[in-house]
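The block underneath contains the structure these notes are about, expressed in structure tokens.
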């Protein structure tokens, strides 16, 4: 049966975590979303590094979601990997490490939890948050806190409830086909695919809806702001500078720049600056790709809305120009 069914992401790559949802399995080697994936001993899609920072090394710790992890993209083409390569070329006599802690499904809350639990121990000189404004502020905190409480009080029940998702391939295929059927139904209802990089017609109602949630009476946004402050406070405590790069909505760059951005960016920038971040707006560097989104974006079902290798190069080069002055010469 496996020979005629579609290939799914390897479930062996993930481990359930009550506070984070999922984490990557340390030492995993295999394929996921059509590309080779290698997870280091710290559970990160990043080259192997020591927990203690070697003397003379400049470290950048990158927190983020699927944009940072690099969905459907080879490991050496993610923007953290390309950023490290560019900075090493600019500083050939300097040891530089860019540590990618991103994972699909994470949002600012998850990133704060990870940073407080593990990330700070890498002793970064710079903490960089990759922020995708469409969905990095969903209200998941209560769910994760509930899961953590359930695991602590009823560990056996917690494990039984999650067994199908983590260990039953039949259930995973059921979830896959349910998601596919839902997507096809939405395509039929709208009369066009739900996403196609560079498409002229997009679901503008959906795009406007997410911008409406950048308000103080939405708990997800309050949690996101609190998480920014926690990342900023701990970064200052360990002597690290904090940056946030804000990614655009690649589905329609012009619409994002001319309509969507003004609806949320002022609130986001104010919150990030108040938390101690220097905010890097990536809109200008993507402006020349308006109407040519397919050149820098993935357009298939799994990768829709994410950058391709060229898109990540654009991000890495842009970041290198901004961060390179922070690296002291030996």
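Residue numbers (our numbering): 11 to 340. From the three backbone atoms N, C-alpha and C, an ideal C-beta is built for every residue, glycine too.
Would you mind reading off the limits of the alpha helix (DSSP H) that contains residue i?
i: residue 284; result: 271-284
i: residue 120; result: 118-127
i: residue 236; result: 229-247
i: residue 10; result: Given that the chain is displayed from residue 11 to residue 340, the structure contains no residue 10 and the question cannot be resolved.
i: residue 96; result: 89-100
i: residue 146; result: Segment: none, residue 146 is in no alpha helix (DSSP H) and carries neither H nor E.
i: residue 333; result: 319-333
Count the other C-beta atoms from every protein chain shown that fall within 10 angstroms of the C-beta of residue i, then say buried if there are 16 or more, exposed otherwise.
i: residue 226; result: exposed
i: residue 320; result: exposed
i: residue 8; result: Examination of residue 8 is not possible in this model, given that the chain is present from 11 through 340 alone.
i: residue 61; result: exposed
i: residue 70; result: buried
i: residue 1; result: As shown, the chain starts at 11 and ends at 340. That puts residue 1 outside it, with no answer to give.
i: residue 350; result: The chain is shown from 11 up to 340; residue 350 falls before or after that span and cannot be answered.
i: residue 129; result: buried
i: residue 339; result: exposed
i: residue 48; result: exposed
i: residue 147; result: buried
i: residue 81; result: buried
i: residue 117; result: buried
i: residue 127; result: exposed
i: residue 42; result: buried
i: residue 204; result: Any answer about residue 204 is weak, because its pLDDT of 43 lies below 50 and its placement is not dependable; what the coordinates show is given next. With 16 or more Cβ atoms within 10 Å of its Cβ, residue 204 is classed as buried.
i: residue 22; result: exposed
i: residue 108; result: buried
i: residue 271; result: buried
i: residue 331; result: exposed
i: residue 230; result: buried
Starting from residue i and walking both ways along the beta strand (DSSP E), at which residues does that stretch end?
i: residue 48; result: 45-48
i: residue 41; result: 39-42
i: residue 139; result: 136-141
i: residue 68; result: 67-73
i: residue 289; result: 288-291
i: residue 86; result: First-last for residue 86: undefined, no H or E at that position.
i: residue 105; result: 105-110
i: residue 268; result: Run containing residue 268: none; DSSP gives neither H nor E here.
i: residue 255; result: 251-256
i: residue 26; result: 24-27
i: residue 3; result: Because the chain in this structure spans residues 11 to 340, residue 3 falls outside the shown range and cannot be described.
Would you say the beta carbon of residue i is closer than 7 Å to some non-hydrogen atom of the ligand ATP?
i: residue 108; result: By its list of ligands, the structure shown contains no ligand whatsoever, and the ligand ATP lies outside what it can speak to.
Comparing C-alpha positions only, which one of the options sits nearest to residue i?
i: residue 124; options: 62, 66, 245; result: 245
i: residue 259; options: 42, 268, 139, 334; result: 268
i: residue 102; options: 284, 68, 48; result: 68
i: residue 308; options: 96, 253, 262; result: 262
i: residue 57; options: 75, 94, 25; result: 94
i: residue 344; options: 55, 291, 234, 324; result: This structure cannot settle anything about residue 344, because the visible part of the chain is limited to 11 through 340.
i: residue 119; options: 25, 99, 74; result: 74
i: residue 90; options: 335, 322, 336; result: 322
i: residue 334; options: 316, 100, 25; result: 100
i: residue 251; options: 133, 29, 127; result: 133
i: residue 293; options: 98, 247, 248, 142; result: 142
i: residue 284; options: 84, 316, 235, 332; result: 235
i: residue 289; options: 115, 139, 76, 153; result: 139
i: residue 278; options: 337, 223, 88, 298; result: 223
i: residue 249; options: 113, 296, 92, 136; result: 136
i: residue 317; options: 55, 265, 297, 257; result: 257
i: residue 106; options: 64, 78, 145, 52; result: 64
i: residue 36; options: 151, 50, 30; result: 50
Give a yes or no on whether 8 Å exceeds the smallest Cβ distance from residue i to chain D.
i: residue 227; result: You won't find chain D in this structure, because it holds only one protein chain.
Open item on the list: Whether or not the stretch 289-305 and the stretch 231-243 are in contact is what I'm after, with contact meaning three or more pairs of Cβ atoms, one per stretch, closer than 8 Å; do they touch?
Closed with: No: the two stretches stay apart, fewer than three of their Cβ pairs being nearer than 8 Å.
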